[in-house]
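Chemist: Here you go, one structure.
2 protein chains.
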Amino acid sequence: MSPKITTELLKQLRQVMKSPKYVQEPLQAYIVPSGDAHQSEYIAPCDCRRAFISGFDGSAGTAIVTEQHAAMWTDGRYFLQAAHQMDSNWTLMKMGLKDTPTQEDWLVSVLPEGSKVGVDPFIIPADQWKRMSKALRSAGHDLVPVKENLIDSIWTDCPQRPCKPLITLNLSYTGVSWRDKIVALRSKMAERKVLWFVVTALDEVAWLFNLRGSDVEYNPVFFAYAVIGMNTIRLFIDGDRMMDPAVREHLQLDSTLEPEFKIQVMPYGSILSQLQAVVAGLSPKEKVWLSDKASYALTEAIPKAYRYLTPYTPICIAKAVKNSSETEGMRRAHIKDAVALCELFNWLEKEVVPKGTVTEIIAADKAEEFRSQQKDFVELSFATISSTGPNGAVIHYKPVPETNRTLSVNEIYLLDSGAQYKDGTTDVTRTMHFGTPSAYEKECFTYVLKGHIAVSAAIFPNGTKGHLLDSFARSALWDCGLDYLHGTGHGVGSFLNVHEGPCGISYKTFADEPLEAGMIISDEPGYYEDGSFGIRIENVVLVIPAETKYNFKNRGSLTFEPLTLVPIQTKMIDVNLLTQKECNWVNDYHQKCREVIGAELERQGRHEALRWLIQETEPLIRVQ
Amino acid sequence: MSPKITTELLKQLRQVMKSPKYVQEPLQAYIVPSGDAHQSEYIAPCDCRRAFISGFDGSAGTAIVTEQHAAMWTDGRYFLQAAHQMDSNWTLMKMGLKDTPTQEDWLVSVLPEGSKVGVDPFIIPADQWKRMSKALRSAGHDLVPVKENLIDSIWTDCPQRPCKPLITLNLSYTGVSWRDKIVALRSKMAERKVLWFVVTALDEVAWLFNLRGSDVEYNPVFFAYAVIGMNTIRLFIDGDRMMDPAVREHLQLDSTLEPEFKIQVMPYGSILSQLQAVVAGLSPKEKVWLSDKASYALTEAIPKAYRYLTPYTPICIAKAVKNSSETEGMRRAHIKDAVALCELFNWLEKEVVPKGTVTEIIAADKAEEFRSQQKDFVELSFATISSTGPNGAVIHYKPVPETNRTLSVNEIYLLDSGAQYKDGTTDVTRTMHFGTPSAYEKECFTYVLKGHIAVSAAIFPNGTKGHLLDSFARSALWDCGLDYLHGTGHGVGSFLNVHEGPCGISYKTFADEPLEAGMIISDEPGYYEDGSFGIRIENVVLVIPAETKYNFKNRGSLTFEPLTLVPIQTKMIDVNLLTQKECNWVNDYHQKCREVIGAELERQGRHEALRWLIQETEPLIRVQ
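In the order they appear, the protein sequences are chains A and B. With the working numbering, you'll find the first sequence wraps up at 1535, consecutive numbering, no jumps. With the working numbering, you'll find the second sequence wraps up at 1535, consecutive numbering, no jumps.
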């Protein structure tokens, strides 16, 4: 990795920061955040503005360029990478370290009196704007919205905003028509007495209209906004995608519909002016509903008195609770995914053990190859984490030629991977050893497994928030002084984003919504030893009602059903550390893998993988 | 319970609400909150203004009186009691029910345009003022501070503010002199770059100066404020208490001290004017530190630019971590408390079983009698919860003649009680049966016990917040569909308030500070069946370092050591529901009770109680 040379680019940026063509008054600083206009976790190449100006292409980071300085804030995952990718024009600001100033404090310390700090109001979320603006104002500076993005103005070979064809999903996949989703949304709006709802998150637009896209890698979404009124539907989307007869048919664009279901298609770029027009027509007490994470540009377009902000939108919450069609689709997707992984692991054992020629990248590619053979495969759901030995301890590792290690019989191998199928999204981690694991490796693996089981088998009352389950995953590790420094689970979309709100399992988040039957999350405790190995065991699990002996206050109970059905390597388990209950859980789980995945392997004629599955799911026997 | 007749009182209050003698402009509404000027949980009789005006004397409730209406907001614990205690002038606002308006919404709905709503600025915490004031302003009304308390102006026989003698605590109790506490506080102030610290909570004043009082029942505190500067100490306190030679000696009021340790004693009522004088002398960037729960009056006295607010003050945090003198004192107090309870339970078994003449009140009185025989006993630490049968399901029950039940061999008995000793504060709950418990009662008791053990024996990393342990206490109950609707633990003071921050174990609070070795909290899961019985098992436990096999990131681990050493009734335990580990925990705990409390019973010559202890601590045997 050699750093990107940015001297010329920074010179150009500093020129446009003063150019009346772009700014009303010269800017003394310009902020380049990480995200796109929809606060997406994964972004399209045209939105990688921070990477363009700095060279640093990690998933999190904010650049600030002043007349004299260029500084980059990023977190511990990326200190090394950022240092390698940026040239000496840049100062790395290591977030989380005691002496690192916040962006606001740093700006105040370097700016001349009465400075203007610019930012693209579409890229900065409203809450961040508020914080930054307040801090700057109290030091005598101004945060100003700059309409035209200044990076775009100097990015001569900026890739086009993707505008790929759409996929329509019929009722057999979605369970609910887009019309019925609009009806349900309007009823939530009526409950809260709001007249308009602005859909800003890409996965929420996709879910609402039962459409999928491929504008962003790994996430089957497309660039669009929607504004839903009690009698109107406006979809803001570019390109000729709306010319596709399948899409027109799906959205009934050419039918004579009741006016309240007639979709008006408008250019993506007209969202702001259209929203302003909506607001201009409001009477007092009429409200517009928006996520509190929406961009400053859209939030500011709605005067405070008309704004109704919530951390989770009604779409976000409805989307999280999967209906039976979605659940069945997720089940099918996980069966296909398990078939692919049985093939992969069988292949790995054959290749790694005698030949030693499989690298992390080869293994990841092979996993993708097996997945792509499955019906309705669309793409991967995130960059495969294929890591062996010490690389496994790098939690967000992605193999690149510089780091690529060869799998061996001496090291633990960790594979965290998943795919998008038309019927569902998968995300699974298995940790295995192709030789003989040490007693210590088995011990750690078994603690992680105990944590995984503690969450998966937990029974808890309706209304429980996921963060209350986080300690269950850690208890066995804590008992012997171990832990892992990440959350335990995240929501998973249904042929949508592999990370979605509003639920999850973490010691950090308390803003999560209560778990409900039909929600789907991951269960993925781990243990990582820097420089040695990484262990993680991850299943995607479905929240289901639990049968209990009693029923306190008639609240009902919930538990989880694993959707992921891939063997957990028994060779890595120290059976004597398991309780009988835990041992039974593993055996029941493996029995189900045998039955369900075995049948599908059989059906697909994959006999070698089936033999591997049978061998890997031999029951554990616990010696008392 | 017959309701208090308030017609005349309300008439008088409405008169003073318009009287230029008390208010600059007539008030259309007056708010009477629950608390005192120090946001105390327990309040003195002179501060029971809401009870005086309404008749309702529960621990939580806010009254609002307008020209036409009188309304009382309280929570589910008090719906029945409030309904019984208030006459028809009052409307009960049941908080937590869907259709109950908030105070703000209700005010807006009943007030004429442009109304003034008054409140005593010393009684309302700053954050509540802010919320209320904002809501009223946005509806065109004004919240105004009324200097003289209007209830006091009509409360002709209002009791005097208590002004009882002080107790001085020497180093053998406190471990740290008040001078050293001031030094430590000033170093925290220097760290945060604040020049002044205002002590508003009564237990914080008491702790800081190593003084105790008895102005408030159950809490050994006294009415006072303190303002600490880098070179000055001002103590605001009334009465001739400062004339007591022991107090003068303790505070070195007559010694020639370095000026920075010279305590200036000032009248309690002069806090506001003195604080205003301090503020008037501040230069820009000089700050005053205050709890964010302090009264509006004091908070408002400090202009925003000079205010430094935190949810927990440095005193609150320092006070929570007990030093070895305090820990040893707490140990001694718990040994004496256990002696008293062994006597009580032995006596109960002798009285209840054959005679059936012991009521809840008699049992509570007897508990107090036995405690008062112990060295350094001061008073109870809260009103004894002595409840049998269905009364046990009322979580905050206190027996009164109307509800007083007789203990019997057919019902479960729950005793939650504690005392203040000069060396420590206790709080213990035991649940027992004097006849033969049913299988179901034993089953529920055993689940609660499993939860108690799960917390008490938990091992967790340094830096863990208590709320992350809450689910451990519920897991066994959850497994069979049961739960309890209160938190699992609270901080306990050292000869101070039985409830103190900043740590605890609850599913509700996330603002708790991480647990540290030396902190002392309660561990008290329960199960309550309305109309039938209540079960709770409560120990006070000390946070101690834990030995673990490994030590991830060198963080170190913590666990708990029970300070409470009172037998847990084995008759109530279904041994077959315990794991071997849990069974061992009970046996080890009982062994320790035998050794420690047995020795003390022996020393005190309490042979009958000793026999009872031996019999109650027979080891459990688990049949595999």
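Quick reminder that beta carbons are idealized off the backbone N, C-alpha and C, glycines included.
Put S1194 of chain B into one of helix, strand or coil per three-state DSSP.
Modeler: The sequence position of residue 1194 of chain B within the second sequence is 283, counting from 1. In this structure, S1194 of chain B counts as coil in the three-state DSSP scheme.
Chemist: Residues of the segment 1455 to 1466 of chain B in Cβ contact with chain A at a cutoff of 7 Å, in chain order, please.
Modeler: The segment 1455 to 1466 of chain B vs chain A, Cβ under 7 Å: T1459, K1460, Y1461, N1462, F1463.
Chemist: Would you tell me roughly how many angstroms separate the C-alpha atoms of S1349 of chain B and A981 of chain B, rounded to the nearest one?
Modeler: Counting from one through the second sequence, the residue named residue 1349 of chain B turns up at place 438. Counting from one through the second sequence, the residue named residue 981 of chain B turns up at place 70. Spanning the two alpha carbons is a distance of roughly 48 Å.
Chemist: Taking C-beta to C-beta, are R1123 of chain A and L1080 of chain A nearer than 9 Å?
Modeler: Position 212 of the first sequence, counted from the start, is the residue given in the question as residue 1123 of chain A. Position 169 of the first sequence, counted from the start, is the residue given in the question as residue 1080 of chain A. Contact flag set, yes.
Chemist: Return the chain-ordered list of same chain residues with a C-beta closer than 7 Å to the C-beta of A994 of chain A, the five sequence neighbours on each side being excluded.
Modeler: By one-based count along the first sequence, residue 994 of chain A stands at place 83. Same-chain partners within the cutoff: L1003.
Chemist: By a C-beta neighbour count over all protein chains shown, 10 Å radius and 16 as the cutoff for buried, is S965 of chain B buried or exposed?
Modeler: On the second sequence, residue 965 of chain B is found 54 positions in, with the first residue counted as 1. Burial call: buried.
Chemist: Can you give the Cα-Cα distance for L1193 of chain A and Q1187 of chain A, rounded to whole angstroms?
Modeler: Translated into the one-based positions of the first sequence, residue 1193 of chain A becomes position 282. Translated into the one-based positions of the first sequence, residue 1187 of chain A becomes position 276. The alpha-carbon atoms of L1193 of chain A and Q1187 of chain A are separated by roughly 10 Å.
Chemist: Contact defined as beta carbons within less than 8 Å: I believe V1403 of chain B pairs with I1448 of chain B. What is the distance between those atoms, to the nearest angstrom?
Modeler: Along the second sequence, read from residue 1 onward, the residue named residue 1403 of chain B stands at position 492. Along the second sequence, read from residue 1 onward, the residue named residue 1448 of chain B stands at position 537. With 8 Å as the limit, V1403 of chain B and I1448 of chain B do not qualify as a contact, their Cβ atoms being about 16 Å apart.
Chemist: Excluding sequence positions up to five away, which residues of its chain have a Cβ less than 6 Å from the Cβ of T1270 of chain B?
Modeler: For the purposes of this step, residue 1270 of chain B is taken as residue 359 along the second sequence, with counting starting at 1. So the list reads N1315, T1317, once near-sequence residues are dropped.
Chemist: By the DSSP assignment, the alpha helix (DSSP H) with Q923 of chain B in it spans what residues?
Modeler: The residue given as residue 923 of chain B occupies position 12 in the second sequence. Element bounds for Q923 of chain B: 918 to 927.
Chemist: Can you tell which of A:A1046, A:E952, A:V1055, A:G1051 has its C-alpha closest to the C-alpha of Y933 of chain A?
Modeler: Within the first sequence, residue 933 of chain A is the residue found at index 22, counting from 1. If we check each option's Cα against that of Y933 of chain A, A:V1055 comes out closest.
Chemist: Any beta-carbon of chain B closer than 9 Å to the one on E1494 of chain A?
Modeler: On the first sequence, position 583 is the one that residue 1494 of chain A refers to. Sequence inspection shows Cys at residue 1494 of chain A; the Glu mentioned does not correspond to that position. So no, C1494 of chain A is outside the interface.
Chemist: Taking the CB atoms as reference points, tell me whether M997 of chain A and P944 of chain A lie closer together than 9 Å.
Modeler: Position 86 of the first sequence, counted from the start, is the residue given in the question as residue 997 of chain A. Position 33 of the first sequence, counted from the start, is the residue given in the question as residue 944 of chain A. Their beta carbons are not under 9 Å apart, which means M997 of chain A does not touch P944 of chain A by this criterion.
Chemist: Could you check whether the Cβ of P1425 of chain B sits closer than 9 Å to any Cβ belonging to chain A?
Modeler: One-based indexing of the second sequence puts residue 1425 of chain B at position 514. Not one chain A Cβ lies under 9 Å of P1425 of chain B.
Chemist: Any Cβ of chain A within less than 9 Å of the Cβ of A1369 of chain B?
Modeler: By 1-based counting over the second sequence, the position of residue 1369 of chain B is 458. Output row for A1369 of chain B: interface = yes.
Chemist: Closer than 6 Å by C-beta to A1046 of chain B: which residues in its own chain qualify, once you throw out the five before and the five after it? Chain order, please.
Modeler: In the second sequence, the residue the question calls residue 1046 of chain B occupies position 135. Closer than 6 Å at Cβ, skipping near neighbours: E1015.
Chemist: Run through chain B and tell me which residues come within less than 7 Å of C1391 of chain A, C-beta to C-beta.
Modeler: Position 480 of the first sequence, counted from the first residue, corresponds to residue 1391 of chain A. Those within 7 Å of C1391 of chain A in chain B are T1459, K1460, Y1461.
Chemist: If we call anything under 9 Å between Cβ atoms a contact, is L1209 of chain B one with L1061 of chain B?
Modeler: Position 298 of the second sequence, counting from 1, holds the residue named residue 1209 of chain B. Position 150 of the second sequence, counting from 1, holds the residue named residue 1061 of chain B. No, Cβ-Cβ distance for L1209 of chain B and L1061 of chain B is not below 9 Å.
Chemist: Just tell me which of A:E1290, A:A1278, A:Q1284 has its CA closest to the CA of S1297 of chain A.
Modeler: Here the question's residue 1297 of chain A lines up with position 386 in the first sequence. Nearest C-alpha to S1297 of chain A: A:A1278.
Chemist: So if I threshold CB-CB distances at 8 Å, which residues from the segment 979 to 995 of chain A count as touching chain B?
Modeler: Of all residues in the segment 979 to 995 of chain A, none has a Cβ within less than 8 Å of some Cβ in chain B.
Chemist: Quick one: does T1011 of chain A have its CB under 9 Å from some CB of chain B?
Modeler: Indexing the first sequence from 1 puts residue 1011 of chain A at position 100. T1011 of chain A does not count as touching chain B.
Chemist: Name the residues in the segment 1371 to 1385 of chain A whose C-beta lies less than 9 Å from a C-beta of chain B; which are they?
Modeler: Against chain B - using a Cβ distance shorter than 9 Å - the residues of the segment 1371 to 1385 of chain A are F1371, P1372, T1375, K1376, H1378, L1379, L1380, D1381, S1382, F1383, R1385.
Chemist: Can you give the Cα-Cα distance for N1408 of chain B and K1503 of chain B, rounded to whole angstroms?
Modeler: For the purposes of this step, residue 1408 of chain B is identified with residue 497 of the second sequence, where counting begins at 1. For the purposes of this step, residue 1503 of chain B is identified with residue 592 of the second sequence, where counting begins at 1. Spanning the two alpha carbons is a distance of roughly 27 Å.
Chemist: Just to make sure I have the definition right: I need the residues of chain B whose C-beta is within less than 7 Å of the C-beta of Y1418 of chain A. Which are they?
Modeler: Counted from its first residue, the first sequence places residue 1418 of chain A at position 507. What Y1418 of chain A touches in chain B: L1379.
Chemist: Alpha carbon to alpha carbon, how far is I1323 of chain B from P1301 of chain B? Give it in angstroms, no decimals.
Modeler: Residue mapping note: residue 1301 of chain B aligns to position 390 of the second sequence, counting from 1. Residue mapping note: residue 1323 of chain B aligns to position 412 of the second sequence, counting from 1. Taking the straight line joining both Cα atoms gives about 9 Å.
Chemist: Which residues bound the alpha helix (DSSP H) around E1519 of chain B?
Modeler: Indexing the second sequence from 1 puts residue 1519 of chain B at position 608. 1518 to 1527 is the extent of the alpha helix (DSSP H) around E1519 of chain B.
Chemist: Can you say whether A1216 of chain A is buried or exposed, counting buried as having 16 or more other CB atoms within 10 angstroms of its CB?
Modeler: By one-based count along the first sequence, residue 1216 of chain A stands at place 305. Classification of A1216 of chain A: exposed, given that the 10 Å Cβ count is below 16.
Chemist: From R1103 of chain B to D1276 of chain B, what distance separates their C-alpha atoms?
Modeler: Sequence index remark: in the second sequence, residue 1103 of chain B carries index 192 (1-based). Sequence index remark: in the second sequence, residue 1276 of chain B carries index 365 (1-based). So the two alpha carbons sit approximately 49 Å from each other.
Chemist: Out of A:R1218, A:V1190, A:V1019, point me to the one whose CA is closest to S1202 of chain A's CA.
Modeler: One-based indexing of the first sequence puts residue 1202 of chain A at position 291. Among A:R1218, A:V1190, A:V1019, the Cα nearest to that of S1202 of chain A is on A:R1218.
Chemist: Flag this pair as yes or no: are the beta carbons of T1085 of chain B and S1236 of chain B separated by less than 9 Å?
Modeler: For the purposes of this step, residue 1085 of chain B is taken as the residue at position 174 of the second sequence. For the purposes of this step, residue 1236 of chain B is taken as the residue at position 325 of the second sequence. Yes, Cβ-Cβ distance for T1085 of chain B and S1236 of chain B is below 9 Å.
Chemist: Check each residue of the segment 1465 to 1480 of chain B: if its Cβ is closer than 9 Å to any Cβ of chain A, include it; give the result in chain order.
Modeler: Against chain A - using a Cβ distance shorter than 9 Å - the residues of the segment 1465 to 1480 of chain B are R1466, G1467, S1468.
Chemist: In this structure, how does DSSP classify T1079 of chain B when only helix, strand and coil are distinguished?
Modeler: Counted from its first residue, the second sequence places residue 1079 of chain B at position 168. In this structure, T1079 of chain B counts as strand in the three-state DSSP scheme.
Chemist: Cβ closer than 7 Å: which chain A residues qualify as neighbours of D1394 of chain B?
Modeler: Walking along the second sequence from the start, residue 1394 of chain B turns up at place 483. In chain order: P1372, F1463.
Chemist: Taking 9 Å as the CB-CB limit, is F1444 of chain B close to chain A?
Modeler: The residue labelled residue 1444 of chain B in the question sits at position 533 within the second sequence. Not an interface residue.
Chemist: Among residues of its own chain, excluding the 5 on either side of G1346 of chain B, which ones have a beta-carbon nearer than 7 Å to its beta-carbon?
Modeler: Locating residue 1346 of chain B in the second sequence gives position 435, where the first residue counts as 1. So the qualifying residues of the chain are V1320, N1321.
Chemist: Please go through the segment 1204 to 1277 of chain A and give each complete beta strand (DSSP E) segment of 3 or more residues, from N-terminal end onward.
Modeler: If we require 3 residues or more, the beta strand (DSSP E) runs fully inside the segment 1204 to 1277 of chain A come out as 1218 to 1221.
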